[in-house]
Amino acid sequence: MFLTRVGTVGKSNILKENEDYAYYVNISLIRADEKINPDYLNQYIKTDSFQRELCKRIYNTMPIINIKDLKQCLVVFPIMEDQIKIGNLLVIFDEKLRLNQKQIELMKKFKSNLLQKMLV
């Protein structure tokens, strides 16, 4: 999992592929251990409570969080079975939201093209 830590602090994403990657110092690599499900952790990082936790640890006018401060952030996690259920459910919602957003963009383009043809 990657987490932005400079500029736009606190954006996370999971890489499902098992390959080597190069990444810049503005991004932290987070490896979930056996106690926490990566999908759950990714969703937890997006919560308001975790984002507030990050904001407490930002020092400069240029948002940045140090690795040692990131390690001190509290992560609340239920038993693994519940983490998997929560993580999977929220991943499904994210995918549906992404698809709906894509559909909205396509409909806007269609409308724009239709208006151009009708009014020209």
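Just so it is clear: in the sequence shown, position 114 is 591 by the numbering used here, and no numbers are missing. We put the CB at the ideal spot given by N, CA and C, even for glycine.
So for V568, helix, strand or coil by DSSP? As a working note, residue 568 is residue 91 in the sequence shown. Three-state result, V568: helix.
Check this for me: beta carbons of F570 and I513, under 8 Å apart or not? As a position in the sequence shown, residue 570 is number 93, starting the count at 1. As a position in the sequence shown, residue 513 is number 36, starting the count at 1. No, the pair does not count as a contact, with Cβ atoms beyond the cut-off.
Is D516 buried or exposed, if buried means 16 or more other CB atoms sit within 10 Å of its CB? By 1-based counting over the sequence shown, the position of residue 516 is 39. With 16 or more other Cβ atoms within 10 Å, it is buried.
One question on the structure: do M478 and I507 come within less than 8 Å of each other, judged by their Cβ atoms? One-based indexing of the sequence shown puts residue 478 at position 1. One-based indexing of the sequence shown puts residue 507 at position 30. A contact, by the Cβ cut-off of 8 Å.
I504, enclosing beta strand (DSSP E) - first and last residue: Here the question's residue 504 lines up with position 27 in the sequence shown. Where I504 is concerned, the enclosing beta strand (DSSP E) stretches over I504 to L506.
Would you mind reading off the limits of the beta strand (DSSP E) that contains L480? Taking the first residue of the sequence shown as position 1, residue 480 is located at position 3. For L480, the enclosing beta strand (DSSP E) starts and ends at F479 to T481.
Please work out which residues of its chain come closer than 8 Å, Cβ to Cβ, to I561, disregarding the five sequence neighbours upstream and downstream, and give them in chain order. Against the sequence shown, residue 561 aligns to sequence position 84. Counting only Cβ-Cβ distances below 8 Å, and skipping sequence neighbours, we find N514, D516 and Y517.
Endpoints, alpha helix (DSSP H) assigned at R529: For this step, residue 529 is matched to residue 52 along the sequence shown. Per DSSP, R529 belongs to the alpha helix (DSSP H) from D525 to K533.
Could you give the residue range of the alpha helix (DSSP H) that holds I542? On the sequence shown, residue 542 is found 65 positions in, with the first residue counted as 1. Here I542 belongs to no alpha helix (DSSP H), and DSSP marks it neither H nor E.
When the Cα atoms are used, what is the spatial distance from I542 to G484? Locating residue 542 in the sequence shown gives position 65, counting from the first residue. Locating residue 484 in the sequence shown gives position 7, counting from the first residue. Answer to the nearest angstrom: the Cα atoms are 9 Å apart.
With DSSP collapsed to three states, give me the class of N490. Here the question's residue 490 lines up with position 13 in the sequence shown. In this structure, N490 counts as strand in the three-state DSSP scheme.
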